[in-house]
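Undergrad: Dumping the structure here so I can ask a few things about it.
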């Protein structure tokens, strides 16, 4: 009788390499999205960026919001380098 085993590479117990790679890729995409958003921010003088994190990775994360709408919100502050 021949037994076959399916080998699943793991770096730590309970997490396969595939799960680790999936997590790393999601983190990389999120980092690039944040970087691109902050890089575009100085050029966006009439709109603001609204970031939301949906469960579905296909759904849109960024939306443009008119500056007039942001000015009407009490307590809304622009993001910037404050020292």
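Residue numbers (the working numbering): 343 to 425. The beta carbon of each residue, even a glycine, is placed where N, CA and C say it ideally should be. Because the structure is a prediction, the values reported are computed rather than measured.
Rounded to the nearest angstrom, how far is the Cβ of residue 409 from that of residue 395, given a contact under 8 Å?
TA: About 23 Å separates the two Cβ atoms, so there is no contact after all.
Undergrad: If the criterion is Cβ atoms closer than 8 Å, does the pair residue 353 and residue 362 meet it?
TA: For residue 353 and residue 362, yes; Cβs fall inside 8 Å.
Undergrad: Note down, one range per segment and in chain order, each alpha helix (DSSP H) of at least 4 residues found wholly within the region 345 to 397.
TA: List check, alpha helix (DSSP H) in window: 359 to 382.
Undergrad: In terms of alpha-carbon separation, which member of 356, 393, 383 lies closest to residue 404?
TA: 393
Undergrad: Can you give me the C-alpha to C-alpha distance between residue 382 and residue 348, rounded to a whole angstrom?
TA: The straight-line gap separating the alpha-carbon atoms of residue 382 and residue 348 is approximately 47 Å.
Undergrad: Exposed or buried, which one is residue 390 when buried takes at least 16 other CB atoms within 10 Å?
TA: buried
Undergrad: Give every residue of the same chain whose Cβ lies closer than 8 Å to the Cβ of residue 379, excluding the five residues on either side of it in the sequence, and list them in chain order.
TA: 391, 393, 404
Undergrad: For residue 406, I'd like the list of residues in its chain whose CB is within less than 8 Å of its CB, leaving aside the five on either flank, ordered along the chain.
TA: The residues 386, 389, 390, 391, 392, in chain order, have a CB closer than 8 Å to that of residue 406 in the same chain once the five nearest residues on each side in sequence are set aside.
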